[in-house]
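S.K.: Line by line, the protein sequences give chains A and B. Using my numbering, you'd call the opening residue of the first sequence number 73 and step up by one each time. Using my numbering, you'd call the opening residue of the second sequence number 2 and step up by one each time. Virtual Cβ for every residue (Gly too), placed ideally from N, Cα, C. Okay, handing you the structure first.
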Amino acid sequence: MGIGPSTKETSLHHFRDPLLNIINKDEDINLMGVIIVGTPQSQKEKYYVGKRAAQWAEAMQVDGAIVSADGWGNSDVDFANTIKEIAVRDIEVVGLSFIGIQGKFVVKNRYMDTIIDINKSESGIETEVVGENTVDELDAKKALAFLKLKMKR
Amino acid sequence: MSGEKRKLTIKAFNINKVELGSFTEIKDNVLKLDREYLNKIDFQNEIIKDINLKIISPDRHDQYVNNILDFIPISVKALGNLGTGITHTLTGVYLLLSCADEKGRQMAEFGSSEGILSDRVIFGRAGTPAKDDYIINFEVIVKEKYLFERKAAQSVHAACDNFLDLIREKLKNIDGRKADEIHKYEEKINPDKKKIVLVKQVAGQGAMYDNQILADEPSGFKGGRSIIDMGNMPVILSPNEYRDGAIRAMT
Numbered sequence: 073m074g075i076g077p078s079t080k081e082t083s084l085h086h087f088r089d090p091l092l093n094i095i096n097k098d099e100d101i102n103l104m105g106v107i108i109v110g111t112p113q114s115q116k117e118k119y120y121v122g123k124r125a126a127q128w129a130e131a132m133q134v135d136g137a138i139v140s141a142d143g144w145g146n147s148d149v150d151f152a153n154t155i156k157e158i159a160v161r162d163i164e165v166v167g168l169s170f171i172g173i174q175g176k177f178v179v180k181n182r183y184m185d186t187i188i189d190i191n192k193s194e195s196g197i198e199t200e201v202v203g204e205n206t207v208d209e210l211d212a213k214k215a216l217a218f219l220k221l222k223m224k225r
Numbered sequence: 002m003s004g005e006k007r008k009l010t011i012k013a014f015n016i017n018k019v020e021l022g023s024f025t026e027i028k029d030n031v032l033k034l035d036r037e038y039l040n041k042i043d044f045q046n047e048i049i050k051d052i053n054l055k056i057i058s059p060d061r062h063d064q065y066v067n068n069i070l071d072f073i074p075i076s077v078k079a080l081g082n083l084g085t086g087i088t089h090t091l092t093g094v095y096l097l098l099s100c101a102d103e104k105g106r107q108m109a110e111f112g113s114s115e116g117i118l119s120d121r122v123i124f125g126r127a128g129t130p131a132k133d134d135y136i137i138n139f140e141v142i143v144k145e146k147y148l149f150e151r152k153a154a155q156s157v158h159a160a161c162d163n164f165l166d167l168i169r170e171k172l173k174n175i176d177g178r179k180a181d182e183i184h185k186y187e188e189k190i191n192p193d194k195k196k197i198v199l200v201k202q203v204a205g206q207g208a209m210y211d212n213q214i215l216a217d218e219p220s221g222f223k224g225g226r227s228i229i230d231m232g233n234m235p236v237i238l239s240p241n242e243y244r245d246g247a248i249r250a251m252t
């Protein structure tokens, strides 16, 4: 399992990413940067890079983080671990991932309490239709609204 | 820490017709593509068997395409590097990169999207063209034995980048005052407000699970570094670098 046609973020998606646009429009928020982190093959490496990403977030002294993934299945390990590593540093986290019916998390932890499902297909599966199950403006607005609520606590 | 940081200007030039011609040209909202393009671009002919260029007009979405590797915006730096200065980009036309081998097997890992275009794409999403956009399908046919090798995926993206350079060369020198839209982005930090970071988890496991970061040109390939080759370690981008096409998806 990995990244299928319906969840994959194309170069065009990255160029006009709704997450960036929504966050940047919000004047109550400072976006300090965008961390790009890969998803290695081995379990050990997954933990290694996720921890480094979290350490960057801590060094930036952020109050919150939005973690987004366009793959599912084995990359849930990376997703769950990165969220945990950020949360244990007392940084509020919201995640976005494809879940639907087919993409139920293969691993989960108690820090994954605010996850937005980016599935848009009726069947809740990898439909092999490009663009179908990708983050849109509504997902981005939800993610930011949840994060702002969590940061108020 | 308040005040102004980096500034980025994106100037969009709208295209309402794409056609083949005897040279590459952008004029009066028409993009002409050089029909002799294959003689003008480098590609790995040890791996790539053939390249076909198809112009798909908005009323012709009923045609077959091979697995869609990527939708790519056509952009170039007119001034400065990624994240600063001025970027020129085309709207109304996007590139669709597709790939199969000589036997029709698709370059795909985890599901593939070959088929009739209108059935295989939800148009109008952030990552896909709108229904009334033109699509340039850069179709690469690779030799059978290389289909699932990482170097094949890299050669396909490199060939496509070389093709886009023919358009970028013209787009770079277009008069910026003729832009149809101008977007200015300034990165400001307000010390009284909450600070957040966006973490994007991207693929980094091999052929068809790769991403190229910070190429020479927006959403480009050349000059960038693969997240795999960087050990999948986190890379920090400024918001403006990210919105200026710092990532070329190779999934």
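Please confirm if the region 230-243 of chain B is in contact with the region 65-84 of chain B, defined as three or more CB-CB distances below 8 Å between the two stretches.
M.R.: Yes, since at least three Cβ pairs between the region 230-243 of chain B and the region 65-84 of chain B fall closer than 8 Å, the two stretches touch.
S.K.: Which same chain residues, not among the five before or five after asparagine 233(B), have their C-beta less than 6 Å away from its C-beta?
M.R.: For the purposes of this step, residue 233(B) is taken as residue 232 along the second sequence, with counting starting at 1. Excluding sequence neighbours, asparagine 233(B) sits near Gly205.
S.K.: According to DSSP, which residues form a beta bridge with tyrosine 135(B)?
M.R.: Residue mapping note: residue 135(B) aligns to position 134 of the second sequence, counting from 1. Looking at the DSSP assignment, tyrosine 135(B) forms a beta bridge with Val94(B).
S.K.: According to DSSP, is histidine 85(A) helix, strand or coil?
M.R.: Indexing the first sequence from 1 puts residue 85(A) at position 13. Histidine 85(A) falls in the helix class under three-state DSSP.
S.K.: Please check if any C-beta of chain A sits within less than 8 Å of the C-beta of leucine 165(B).
M.R.: One-based indexing of the second sequence puts residue 165(B) at position 164. It does not: the Cβ of leucine 165(B) has no partner Cβ on chain A nearer than 8 Å.
S.K.: When the Cα atoms are used, what is the spatial distance from glutamate 20(B) to alanine 152(A)?
M.R.: As a working note, residue 20(B) is residue 19 in the second sequence. As a working note, residue 152(A) is residue 80 in the first sequence. In a straight line, the C-alpha of glutamate 20(B) is about 48 Å away from that of alanine 152(A).
S.K.: Please list the partners that arginine 225(A) has in chain B, where partner means a Cβ-to-Cβ separation under 7 Å.
M.R.: Within the first sequence, numbered from 1, the residue matching residue 225(A) stands at position 153. Ordered by position in chain B, no residue passes the 7 Å Cβ test against arginine 225(A), which lies about 12 Å from the chain.
S.K.: Can you pull out the residues from the region 129-150 of chain B whose beta carbon lies closer than 8 Å to at least one beta carbon of chain A?
M.R.: Answer in chain order: Thr129 and Pro130.
S.K.: Could you tell me whether the Cβ of asparagine 96(A) comes closer than 8 Å to any Cβ of chain B?
M.R.: Your numbering for residue 96(A) matches position 24 in the first sequence. Yes, because at least one Cβ of chain B sits closer than 8 Å to the Cβ of asparagine 96(A).
S.K.: Quick one: residues in its chain with C-beta nearer than 7 Å to the C-beta of proline 130(B), no 5 flanking neighbours on either side, listed in chain order?
M.R.: Within the second sequence, numbered from 1, the residue matching residue 130(B) stands at position 129. Here the set comprises Phe72, Tyr95, Phe124 and Ile136.
S.K.: Any idea what DSSP makes of methionine 231(B), helix, strand or coil?
M.R.: Walking along the second sequence from the start, residue 231(B) turns up at place 230. DSSP places methionine 231(B) in coil when its eight states are reduced to three.
S.K.: When Cβ atoms are compared, which residues of the region 171-198 of chain A fall closer than 7 Å to chain B?
M.R.: Within the region 171-198 of chain A, the residues whose Cβ lies closer than 7 Å to some Cβ of chain B are Glu198, listed in chain order.
S.K.: Would glutamine 113(A) count as contacting chain B if we go by Cβ distances under 8 Å?
M.R.: Counting from one through the first sequence, the residue named residue 113(A) turns up at place 41. So yes, glutamine 113(A) belongs to the interface.
S.K.: So the beta strand (DSSP E) methionine 104(A) belongs to, where does it begin and stop?
M.R.: The residue labelled residue 104(A) in the question sits at position 32 within the first sequence. Counting along the chain, the beta strand (DSSP E) containing methionine 104(A) begins and ends at 101-109.
S.K.: Take aspartate 181(B) as the anchor and find which of Asp29(B), Ser23(B) and Gln202(B) has the nearest alpha-carbon.
M.R.: Your numbering for residue 181(B) matches position 180 in the second sequence. When only C-alpha atoms are compared, the closest one is Asp29(B).
S.K.: For the region 27-84 of chain B, list the beta strand (DSSP E) runs that are entirely contained and at least 3 residues long, ordered along the chain.
M.R.: The region 27-84 of chain B contains these whole beta strand (DSSP E) runs: 31-35, 49-57, 69-73 and 76-80.
S.K.: Assuming contact is defined by CB atoms lying nearer than 8 Å, are proline 74(B) and serine 220(B) in contact in what I supplied?
M.R.: Reading the second sequence from its first residue, position 73 is the one you call residue 74(B). Reading the second sequence from its first residue, position 219 is the one you call residue 220(B). Closer than 8 Å, so yes.
S.K.: Does the distance from the CB of isoleucine 107(A) to the CB of valine 198(B) come in under 8 Å?
M.R.: Walking along the first sequence from the start, residue 107(A) turns up at place 35. Walking along the second sequence from the start, residue 198(B) turns up at place 197. Yes, they are a contact pair.
S.K.: Give me the subset of the region 56-71 of chain B whose CB atoms are less than 7 Å from a CB atom of chain A, sorted by chain position.
M.R.: Answer set for the region 56-71 of chain B: Ile69 and Asp71.
S.K.: Anything in chain A within Cβ reach of methionine 234(B), meaning under 7 Å, just list it in chain order.
M.R.: The sequence position of residue 234(B) within the second sequence is 233, counting from 1. Simply Val121 and Arg124.
S.K.: Residues of chain B with CB closer than 9 Å to the CB of glutamate 117(A), please, in chain order.
M.R.: By one-based count along the first sequence, residue 117(A) stands at place 45. What glutamate 117(A) touches in chain B: Gly232 and Asn233.
S.K.: Under a three-way DSSP split, which group does phenylalanine 111(B) fall into?
M.R.: Working through the second sequence from its first residue, we reach residue 111(B) at position 110. It is coil, neither helix nor strand.
S.K.: Mind listing the chain B neighbours of aspartate 100(A)? Cutoff is C-beta to C-beta under 8 Å, in chain order.
M.R.: The residue given as residue 100(A) occupies position 28 in the first sequence. Here the neighbours are Lys194 and Lys195.
S.K.: Any idea if valine 179(A) is buried or exposed, counting beta-carbon neighbours within 10 angstroms, 16 or more meaning buried?
M.R.: Locating residue 179(A) in the first sequence gives position 107, where the first residue counts as 1. When all chains shown are included, valine 179(A) counts as exposed.
S.K.: Classify leucine 221(A): buried if its beta carbon has 16 or more other beta carbons within 10 angstroms, exposed otherwise.
M.R.: For the purposes of this step, residue 221(A) is taken as the residue at position 149 of the first sequence. With fewer than 16 Cβ atoms within 10 Å of its Cβ, leucine 221(A) is classed as exposed.
S.K.: Could you round the C-beta distance between alanine 101(B) and arginine 151(B) to whole angstroms and report it? I think they count as a contact, below 8 Å.
M.R.: On the second sequence, position 100 is the one that residue 101(B) refers to. On the second sequence, position 150 is the one that residue 151(B) refers to. The Cβ separation is near 17 Å, so there is no contact.
S.K.: How is serine 3(B) classed by DSSP in three states: helix, strand or coil?
M.R.: In the second sequence, the residue the question calls residue 3(B) occupies position 2. Legend: pLDDT at serine 3(B) = 44, less than 50; position of this residue unreliable, no value from coordinates given.
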